Amino acid sequence: MNRMKTVAPLLVLGVSLAGFAALIYLSWEQASAITWTIDWVPLVIAFVSYSLSLGAATLTWHLIFSSVAPSGSFRTNARIYIVSNAARRLPGGIWGIGSRLYLYRLEGFSEVVTSIAIALETAIVGVSVLLVMLVLVPFVSLPESISSNWTVLAVVAIVFAACLHPRVLVRGLNFVSAKLAKRPMDRAGSIRTRSVFCWLAWYMVAWLIAGVMAFFVMRSVYAVPLTLLPAMLGAYVVTGAVSMIVYIAPSGFGITELALAVLLTQWVPVPVAVATPLAIRVFTTASEIAWAMVLIRWR
14 MNRMKTVAPL LVLGVSLAGF AALIYLSWEQ ASAITWTIDW VPLVIAFVSY SLSLGAATLT
74 WHLIFSSVAP SGSFRTNARI YIVSNAARRL PGGIWGIGSR LYLYRLEGFS EVVTSIAIAL
134 ETAIVGVSVL LVMLVLVPFV SLPESISSNW TVLAVVAIVF AACLHPRVLV RGLNFVSAKL
194 AKRPMDRAGS IRTRSVFCWL AWYMVAWLIA GVMAFFVMRS VYAVPLTLLP AMLGAYVVTG
254 AVSMIVYIAP SGFGITELAL AVLLTQWVPV PVAVATPLAI RVFTTASEIA WAMVLIRWR
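Under this note's numbering, the first residue of the sequence shown is numbered 14, with each subsequent residue one higher.
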């Protein structure tokens with residue numbers, strides 16, 4: 014079992030890289046015919062968009078953490094969230110959660126409180142991406158096996174959303190707290206239906222703006238028309254749902270990028286479809302590191 018835990022991530026990464034290699038090999042002549050340039054104006058728009066998306070996600074984390082923790086300023090929560098968000102890009106897949114637990118412990122918060130907040134955030138992120146996907150996926154041509162089961166996907170999204178009802182949510186969080194801290198959660202009663210809807214709304218906004226970022230990163234290397242923006246939003250959100258499922262690949266790399274590349278081949282040349290997810294990965298990593306450096310000094 015321990016060996017499988019070591020081999021599985023490497024296997025998934027290897028399959029992903031092999032898929033990228035195959036796409037590059039099959040489209041090499043097409044890639045050679047493209048005049049590759051970088052347009053800095055779309056990159057600036059992408060940076061502003063991603064900064065706004067990070068801001069919406071950061072605000073949501075602050076609201077979630079404030080609902081389970083007795084105190085905590087927005088400045089502290091924002092700094093820890095952005096820094097740990099950048100840390101999750103490191104190989105291994107544990108640095109994001111590990112750094113968040115460690116940084117909050119330095120601020121005097123227990124690992125139990127932080128773990129509960131992270132679990133709550135993960136649930137909100139998962140349901141929000143499903144809800145956005147239900148709206149945007151009609152703009153994306155999906156395999157028949159998925160599109161034919163659209164009703165099932167809608168039911169799954171509704172069921173997961175129902176699990177976020179405060180009564181269900183509080184019972185689940187109290188169960189986790191009882192297992193970790195041997196007692197129910199202290200501030201369980203502070204979670205209201207209005208709060209859950211607010212968290213979902215902010216994270217849905219974050220997903221949508223991140224999709225705008227992805228479109229303009231692609232536009233910075235290839236002149237795609239603005240009419241493809243809804244399709245890119247749908248493709249990005251679909252791969253976002255994939256990223257919520259696939260945690261076993263090192264630092265999340267591989268599967269989500271390959272999925273996005275395959276979806277993008279419907280609208281752009283294969284070389285551009287391959288280059289775009291890689292460019293997005295580099296761009297988002299650089300943006301998160303830049304904001305982390307800014308917020309480390311904002312104490």
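Think of the CB as a built atom: it goes at the ideal place given N, C-alpha and C, for glycine as much as any other residue. Computed from a prediction, not measured in an experiment: that's the story for all the values here.
- Local conformation of ALA292 per DSSP, three classes: What you label residue 292 is simply residue 279 of the sequence shown in a count that begins at 1. ALA292: helix per DSSP, three-state reduction.
- Item | Boundaries of the alpha helix (DSSP H) in which SER62 is found, first to last residue | Position 49 of the sequence shown, counted from the start, is the residue given in the question as residue 62. That run of the alpha helix (DSSP H) goes 53-81.
- How close, in whole Å, do the beta carbons of TRP215 and THR73 come, if the pair is a contact with beta carbons under 8 Å? Here residue 215 refers to the residue found at position 202 of the sequence shown. Here residue 73 refers to the residue found at position 60 of the sequence shown. About 4 Å; that satisfies the 8 Å criterion.
- Note down, in chain order, each residue of its chain lying with its Cβ closer than 8 Å to the Cβ of SER64, except the 5 sequence neighbours on either side. Taking the first residue of the sequence shown as 1, we reach residue 64 at position 51. Around SER64: SER300 and TRP304.
- Can you tell me whether DSSP reads LEU128 as helix, strand or coil? Sequence index remark: in the sequence shown, residue 128 carries index 115 (1-based). A quick correction: the sequence has Ser, not Leu, at residue 128. Three-state DSSP puts SER128 in a helix.
- Own chain residues within Cβ distance below 7 Å of GLY79, not counting five before or after: Along the sequence shown, one-based indexing puts residue 79 at 66. Just to set this straight, residue 79 is Ser in the shown sequence, not Gly. These residues qualify, in order along the chain: GLY85.
- Query: Going by C-alpha distance, which of VAL125, VAL54, CYS211 and LEU242 is nearest VAL281?
  - Reply: As a position in the sequence shown, residue 281 is number 268, starting the count at 1. Comparing Cα positions, the closest option is LEU242.
- Message: Let's test the definition: count the other Cβ atoms within 10 Å of the Cβ of ALA236 and tell me whether it reaches 16, buried, or not, exposed.
- Response: One-based indexing of the sequence shown puts residue 236 at position 223. Looking at its Cβ environment, which holds fewer than 16 other Cβ atoms inside 10 Å, ALA236 is exposed.
- Task: Leaving aside the five residues before and after ILE77 along the sequence, list all residues of the same chain whose C-beta is less than 8 Å from its C-beta, in chain order.
- Result: The count along the sequence shown starts at 1 and reaches residue 77 at position 64. Within the same chain, ILE77 has close Cβ partners ALA130, LEU133, GLU134, ILE137 and TRP212.
- Just confirm the distance between the C-beta atoms of THR127 and ILE95, as a whole number of angstroms; I'd bet it's less than 8 Å. Position 114 of the sequence shown, counting from 1, holds the residue named residue 127. Position 82 of the sequence shown, counting from 1, holds the residue named residue 95. Wrong, their Cβ atoms sit about 16 Å apart, outside the cutoff.
- Item | Coil, strand or helix - ALA274 by DSSP | Within the sequence shown, the letter at position 261 stands for residue 274. Of the three classes helix, strand and coil, the one that applies to ALA274 here is helix, per DSSP.
- Nearest chain B C-beta to PHE296 closer than 8 Å, yes or no? Although the question refers to chain B, the structure presented lacks it and comprises just one protein chain.
- Measure the beta-carbon distance from LEU273 to ALA248 and round it to whole angstroms, keeping in mind my assumption that it falls under 8 Å. Locating residue 273 in the sequence shown gives position 260, where the first residue counts as 1. Locating residue 248 in the sequence shown gives position 235, where the first residue counts as 1. With a Cβ gap of about 6 Å, LEU273 and ALA248 count as contacting.
- Query: Between LEU116 and ARG310, what straight-line distance do the alpha-carbon atoms span, to the nearest angstrom?
  - Reply: Working through the sequence shown from its first residue, we reach residue 116 at position 103. Working through the sequence shown from its first residue, we reach residue 310 at position 297. Their Cα atoms are separated by approximately 15 Å.
- Check whether the Cβ atoms of LEU149 and VAL250 sit closer than 8 Å, and answer yes or no. Numbered from 1 along the sequence shown, position 136 holds the residue referred to as residue 149. Numbered from 1 along the sequence shown, position 237 holds the residue referred to as residue 250. Yes. Within cutoff.
- Query: For ALA236, which of helix, strand or coil comes out of DSSP?
  - Reply: Taking the first residue of the sequence shown as position 1, residue 236 is located at position 223. In this structure, ALA236 counts as coil in the three-state DSSP scheme.
- Query: In the structure shown, what three-state DSSP assignment does TRP220 receive?
  - Reply: On the sequence shown, residue 220 is found 207 positions in, with the first residue counted as 1. Residue state, collapsed to three classes: helix.
- Query: Cα separation between MET245 and PHE228?
  - Reply: Within the sequence shown, numbered from 1, the residue matching residue 245 stands at position 232. Within the sequence shown, numbered from 1, the residue matching residue 228 stands at position 215. Roughly 6 Å between the two C-alpha positions.
- Query: VAL255: which of ARG88, THR50 and MET146 sits nearest, CA to CA?
  - Reply: Position 242 of the sequence shown, counted from the first residue, corresponds to residue 255. Selected option, being the one with the closest Cα: MET146.
- Query: Within 10 angstroms of its Cβ, does THR297 collect 16 or more other Cβ (buried), or is it exposed?
  - Reply: Taking the first residue of the sequence shown as position 1, residue 297 is located at position 284. Per the 10 Å Cβ criterion, buried.
- So, ALA288 versus VAL225, is the Cβ gap smaller than 8 Å? Residue 288 sits at position 275 when you count from the first residue of the sequence shown. Residue 225 sits at position 212 when you count from the first residue of the sequence shown. Not in contact: ALA288 and VAL225 (Cβ atoms no closer than 8 Å).
- Query: If you draw a straight line from the C-alpha of ALA286 to the C-alpha of ALA100, how long is it?
  - Reply: The residue labelled residue 286 in the question sits at position 273 within the sequence shown. The residue labelled residue 100 in the question sits at position 87 within the sequence shown. Distance between the alpha carbons of ALA286 and ALA100: 27 Å.
- Let me know if ARG57 comes out buried or exposed under the rule of 16 or more other beta-carbons within 10 Å of its beta-carbon. What you label residue 57 is simply residue 44 of the sequence shown in a count that begins at 1. Checking the sequence shown, residue 57 turns out to be Val, not Arg. The residue is exposed, with fewer than 16 neighbouring Cβ atoms inside 10 Å.
- If SER66 sits next to ILE302, beta carbons under 8 Å apart, how far is it from one beta carbon to the other, in whole angstroms? Position 53 of the sequence shown holds residue 66. Position 289 of the sequence shown holds residue 302. Not quite, the Cβ-Cβ distance comes to about 16 Å (not below 8 Å), so this is no contact.
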